[in-house]
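Engineer: The working numbering puts the first residue of the sequence shown at 711, with every later residue one more than the last.
Just so you know, even glycine gets a beta-carbon here, dropped at the ideal spot from N, CA and C.
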Amino acid sequence: MAGGISISDTAKLEAMIHSLGLLITIGKYLPLMIAGFATLNLILAYFDLFVWGHIAPGIFNVILAVVSLIFLGQLLKRRKIHRYEYRYRGRHLNMQPSKKALDRKRAEVAAAD
Numbered sequence: 711m712a713g714g715i716s717i718s719d720t721a722k723l724e725a726m727i728h729s730l731g732l733l734i735t736i737g738k739y740l741p742l743m744i745a746g747f748a749t750l751n752l753i754l755a756y757f758d759l760f761v762w763g764h765i766a767p768g769i770f771n772v773i774l775a776v777v778s779l780i781f782l783g784q785l786l787k788r789r790k791i792h793r794y795e796y797r798y799r800g801r802h803l804n805m806q807p808s809k810k811a812l813d814r815k816r817a818e819v820a821a822a823d
């Protein structure tokens, strides 16, 4: 590069590895972060509505809390469904044979007897 600093491929790869590690950590603790966000919004909504007497921010915090709880429920449901589907297991090799193939095999076995 003319006048700039070139970054070696090793440094780029190392930066990518650190970025992926950070993303994995965020993904691991994402449900806790969302639950904390929902709890904080519920607490703020309580204070806004009942202690400080501010209606608009209280309603806004209630909406944020409800939406984050819905998102948390969807996230937990999806994690439960797809928990064991992250690795490739060669499922295409375990496919059931078609009905025609089964009928053909039965006919061959019956003809051999």
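Roughly how many whole angstroms lie between the Cα atoms of residue 757 and residue 724?
Structural biologist: Walking along the sequence shown from the start, residue 757 turns up at place 47. Walking along the sequence shown from the start, residue 724 turns up at place 14. Answer to the nearest angstrom: the Cα atoms are 46 Å apart.
Engineer: By DSSP, does residue 718 sit in helix, in strand, or in coil?
Structural biologist: Locating residue 718 in the sequence shown gives position 8, counting from the first residue. Coil.
Engineer: By how many angstroms is the C-alpha of residue 776 removed from the C-alpha of residue 785?
Structural biologist: By one-based count along the sequence shown, residue 785 stands at place 75. By one-based count along the sequence shown, residue 776 stands at place 66. Approximately 14 Å, taken between the alpha carbons.
Engineer: At the level of alpha carbons, what is the spacing between residue 772 and residue 728?
Structural biologist: Taking the first residue of the sequence shown as 1, we reach residue 772 at position 62. Taking the first residue of the sequence shown as 1, we reach residue 728 at position 18. So the alpha carbons of these two residues sit roughly 36 Å apart.
Engineer: List the whole-angstrom C-beta distance separating residue 765 from residue 759, where the pair is believed to meet the contact cut-off of C-beta under 8 Å.
Structural biologist: Your numbering for residue 765 matches position 55 in the sequence shown. Your numbering for residue 759 matches position 49 in the sequence shown. Right, the Cβ-Cβ distance comes to about 7 Å (below 8 Å), so this counts as a contact.
Engineer: Assuming residue 768 and residue 755 form a contact by the criterion Cβ under 8 Å, report the distance between their Cβ atoms to the nearest whole angstrom.
Structural biologist: The count along the sequence shown starts at 1 and reaches residue 768 at position 58. The count along the sequence shown starts at 1 and reaches residue 755 at position 45. Yes, they are in contact, since the Cβ atoms of residue 768 and residue 755 sit about 5 Å apart, within 8 Å.
Engineer: Taking the continuous alpha helix (DSSP H) assigned at residue 812, which residues delimit it?
Structural biologist: Here the question's residue 812 lines up with position 102 in the sequence shown. Run containing residue 812: 809-822, per the alpha helix (DSSP H) assignment.
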